[in-house]
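One structure is given here, and the rest of the page talks about it.
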Amino acid sequence: MSTKKRSNESLATSRVWLEHFETNRLTAEDLPWDDGYLLTPSERRAIERSVQQFQLGEGAQGRRLLARGQAQARATGDILFPEALTLLIREEQRHSSQLLRFMRLQGIPAVEKHWVDSVFRWVRVLAGLELELRVLVTAEIIAVPYYCALGGATRSALLRSLRKRILEDEAGHLQFQASMLSRLESRRSQFLRRLLWQAHRWFLVGTCCVVWIEHRSVFAAAGRLFRDLLRDAISEFSGLERAARSRGAKAKQIDLTNRFLPAGTTRPEEGASQ
Ligand SMILES: [Fe+2]
Ligand SMILES: [Fe+2]
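Each residue of the sequence shown is one higher than the last, beginning at 1 in my numbering.
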C-alpha cells in the first residue's frame with residue numbers, strides 16, 4: 001500500500017473516532033445522580049480502597065502519551081490522531097471524575113498516590129508510543145471484568161449505571177487501541193508480531209495477579225473468583241489481538257466486550273470502512 005493511501009486511511013479512521021468521542025460526550029452525564037442509596041458498611045468495606053485506586057488511575061493527564069501521538073502524527077500525516085487521542089484521554093478522566101462524584105456521595109475520600117498506579121506510570125515513562133499503548137490497553141482490558149464486578153458488588157443503582165456507561169466507553173477504547181496497534185505494527189514481520197502479542201499476554205496475566213491481590217474484595221463481593229477474572233481478561237485480550245491483527249489482513253471486525261454491551265451498540269470502525 002502506498003504511503004499516501006495509508007495516510008488517507010489513517011486520517012479517515014481518526015475522523016470517525018473523533019465523531020464517536022464527540023457524540024459519546026453528549027450523553028456522558030445521563031446517570032442517576034439523585035439515587036439516594038447509601039452503601040452498607042460491608043459493601044463499603046468491600047469497595048472503598050479499590051474504588052479509590054481506580055479513581056486515581058483513570059485520572060492520568062496523558063501528557064507524554066499525547067506528545068508521542070503528536071510525533072506519530074507528524075511522521076504519518078494523520079493530523080487528526082492527536083485530537084482523537086486527546087478525546088480518549090478525556091473519556092478516561094471523565095470516568096475518574098464520575099467515580100469521584102460517586103465517592104463523595106458515599107463519603108469516601110480520594111487518594112493522591114498508590115504504588116500500582118506509580119508502577120504503571122513509571123513503565124509508561126520508559127516506553128515508546130506502542131509500548132505505552134500496550135500498557136494502557138492492559139489496564140483497559142482488566143477494567144472490563146473489574147467494572148463488571150464493581151457493579152455487582154453493591155446494590156447501588158448509581159454504581160450499576162456507572163458500570164454500564166464505563167463498559168460501553170471501554171469497548172470503544174479497545175477498538176480504538178486495536179486500530180492503533182494494528183497501524184503501529186503493520187510493518188513488522190509476522191514472527192515478531194506473534195512474539196510481541198505473546199509477551200503482552202504474559203504481562204496481562206501478571207497484571208491480573210496484582211489486580212486480584214489488590215481488588216479481590218470487590219470480586220469476592222460480586223461472587224467472582226480469580227479464574228473468572230483471568231478468563232474474562234484473556235478473552236478480551238484475544239479479541240483485541242484478533243481485531244488488531246485482522247485489520248491489517250482486511251478481515252471482518254471483531255466485537256470486543258460484546259457480551260457486556262446492550263444490543264445494537266455500533267463500533268466507530270464500522271463507519272470508517274464504509
Ligand atoms: Fe476508563
Ligand atoms: Fe479506557
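Ideal Cβ placement from N, Cα and C applies to all residues, glycine included.
This one's a predicted model, so the numbers in the text were calculated from it and none came from an experiment.
With respect to the alpha helix (DSSP H) encompassing GLN106, which residues constitute its N-terminal and C-terminal limits? Along the sequence shown, one-based indexing puts residue 106 at 106. Per DSSP, GLN106 lies in no alpha helix (DSSP H) and is assigned neither H nor E.
Look at the alpha carbon of THR266 and the alpha carbon of LYS164, and state the distance between them as a whole number of angstroms. By 1-based counting over the sequence shown, the position of residue 266 is 266. By 1-based counting over the sequence shown, the position of residue 164 is 164. Since pLDDT at THR266 reaches only 40, below the 50 mark, its modelled position is unreliable, and no value is offered.
Does DSSP classify ASP228 as helix, strand or coil? Taking the sequence shown and counting its residues from 1, the one referred to as residue 228 is at position 228. Three-state result, ASP228: helix.
For LEU204 and PHE219, believed in contact at Cβ under 8 Å, the rounded distance: Reading the sequence shown from its first residue, position 219 is the one you call residue 219. Reading the sequence shown from its first residue, position 204 is the one you call residue 204. Contact check for PHE219 and LEU204: beta-carbon distance about 16 Å, past the 8 Å limit, so the pair fails to qualify.
Under 8 Å, do ASP35 and ALA157 count as touching if we go by C-beta distance? For the purposes of this step, residue 35 is taken as residue 35 along the sequence shown, with counting starting at 1. For the purposes of this step, residue 157 is taken as residue 157 along the sequence shown, with counting starting at 1. Closer than 8 Å, so yes.
Buried or exposed for CYS208, going by 16 or more other Cβ atoms inside 10 Å? Against the sequence shown, residue 208 aligns to sequence position 208. CYS208 comes out buried.
Three-pair Cβ contact test at 8 Å for the segment 129-143 versus the segment 58-70: Counting C-beta pairs with one atom in each stretch, the segment 129-143 and the segment 58-70 have three or more that are closer than 8 Å, which means they touch.
If you measure from each residue's Cβ to the nearest non-hydrogen atom of ligand 2, which ones come out under 6 Å, in chain order? Ordered along the chain, the selected set is GLU92, GLU140, GLU170, HIS173.
Quick one: give me the first and last residue of the alpha helix (DSSP H) that HIS200 is part of. For the purposes of this step, residue 200 is taken as residue 200 along the sequence shown, with counting starting at 1. For HIS200, the enclosing alpha helix (DSSP H) covers residues 190-221.
Please state whether DSSP places LEU38 in a helix, a strand or coil. Numbered from its first residue, the sequence shown carries residue 38 at position 38. LEU38 falls in the coil class under three-state DSSP.
Is PRO109 buried or exposed, if buried means 16 or more other CB atoms sit within 10 Å of its CB? Position 109 of the sequence shown, counting from 1, holds the residue named residue 109. PRO109 should be labelled exposed.
Determine the closest residue to GLY20 out of TRP115, PHE191, GLN52, LEU88, with distance taken between C-alpha atoms. Here residue 20 refers to the residue found at position 20 when the sequence shown is read from its first residue. This sequence places His at residue 20; Gly is not what is there. HIS20 has its Cα closest to that of LEU88, out of TRP115, PHE191, GLN52, LEU88.
Quick check: the Cα distance between ARG194 and GLU9, rounded to an integer number of angstroms? Locating residue 194 in the sequence shown gives position 194, counting from the first residue. Locating residue 9 in the sequence shown gives position 9, counting from the first residue. Straight-line Cα distance between these residues: approximately 24 Å.
Less than 7 Å between C-beta atoms, sequence neighbours within five positions excluded: which residues of the same chain meet that for SER14? For the purposes of this step, residue 14 is identified with residue 14 of the sequence shown, where counting begins at 1. If we look at SER14 and ignore the five residues flanking it on each side, its Cβ neighbours are ASP78, LEU80, PHE81, ALA84.
Nearest-angstrom Cα distance between ASP169 and SER97? On the sequence shown, position 169 is the one that residue 169 refers to. On the sequence shown, position 97 is the one that residue 97 refers to. Going from the Cα of ASP169 to the Cα of SER97 covers about 14 Å.
Cβ-heavy atom distance, GLU112 to ligand 1, below 7 Å: Taking the sequence shown and counting its residues from 1, the one referred to as residue 112 is at position 112. Not so, every heavy atom of ligand 1 lies at least 7 Å from the Cβ.
So, is ALA178 buried or exposed, given that buried needs 16 or more other C-beta atoms within 10 angstroms? The residue you call residue 178 lines up with position 178 of the sequence shown. That one is buried.
Cα-Cα separation, LEU39 to ARG242: Within the sequence shown, numbered from 1, the residue matching residue 39 stands at position 39. Within the sequence shown, numbered from 1, the residue matching residue 242 stands at position 242. Cα to Cα, the separation comes out at about 40 Å.
Locate the alpha helix (DSSP H) running through LEU131, then write down its first and last residues. Position 131 of the sequence shown, counting from 1, holds the residue named residue 131. It spans 129-152 - the alpha helix (DSSP H) in which LEU131 sits, taken as one unbroken run.
Just list the alpha helix (DSSP H) runs in the segment 7-71, keeping only unbroken ones of 4 residues or longer that don't cross its boundaries, in chain order. DSSP runs (the alpha helix (DSSP H)) wholly in the segment 7-71: 41-58.
Along the alpha helix (DSSP H) that carries LYS113, what are the first and last residues, could you check? Mapped onto the sequence shown, residue 113 falls at position 113. Note, LYS113: premise wrong, no alpha helix (DSSP H); not H, not E.
With a cut-off of 8 Å on the beta carbons, I'd call TYR147 and LEU167 a contact; round off their distance for me. The count along the sequence shown starts at 1 and reaches residue 147 at position 147. The count along the sequence shown starts at 1 and reaches residue 167 at position 167. In this structure TYR147 is in contact with LEU167, their Cβ atoms being roughly 6 Å apart against a cut-off of 8 Å.
What's the C-alpha gap between LEU131 and LYS113? As a position in the sequence shown, residue 131 is number 131, starting the count at 1. As a position in the sequence shown, residue 113 is number 113, starting the count at 1. Rounded to the nearest whole angstrom, the C-alpha separation of LEU131 and LYS113 is 23 Å.
Under 8 Å between the Cβ atoms of LEU150 and ILE47? For this step, residue 150 is matched to residue 150 along the sequence shown. For this step, residue 47 is matched to residue 47 along the sequence shown. Closer than 8 Å, so yes.
Among GLY172, GLY128, GLN93, LEU129, the one whose alpha carbon lies nearest that of VAL144: Along the sequence shown, read from residue 1 onward, the residue named residue 144 stands at position 144. In this structure, GLY172 is the residue among GLY172, GLY128, GLN93, LEU129 with its C-alpha nearest to the C-alpha of VAL144.
In chain order, what residues of the same chain have a beta carbon less than 8 Å from the beta carbon of PHE237, not counting five sequence neighbours either side? Position 237 of the sequence shown, counting from 1, holds the residue named residue 237. Only ILE141, HIS200, ARG201, LEU204 meet the Cβ criterion.
Suppose contacts are defined by Cβ-Cβ distances below 8 Å. Is PRO32 in contact with SER161 by that definition? One-based indexing of the sequence shown puts residue 32 at position 32. One-based indexing of the sequence shown puts residue 161 at position 161. The answer is yes: Cβ separation under 8 Å.
Please report the straight-line C-alpha distance between ALA221 and ALA71, rounded to a whole angstrom. Translated into the one-based positions of the sequence shown, residue 221 becomes position 221. Translated into the one-based positions of the sequence shown, residue 71 becomes position 71. Rounded to whole angstroms, ALA221 to ALA71 spans 44 Å at the Cα level.
Cβ-heavy atom distance between GLU58 and ligand 1 below 7 Å? Against the sequence shown, residue 58 aligns to sequence position 58. For GLU58, the distance from the CB to the nearest heavy atom of ligand 1 is below 7 Å.
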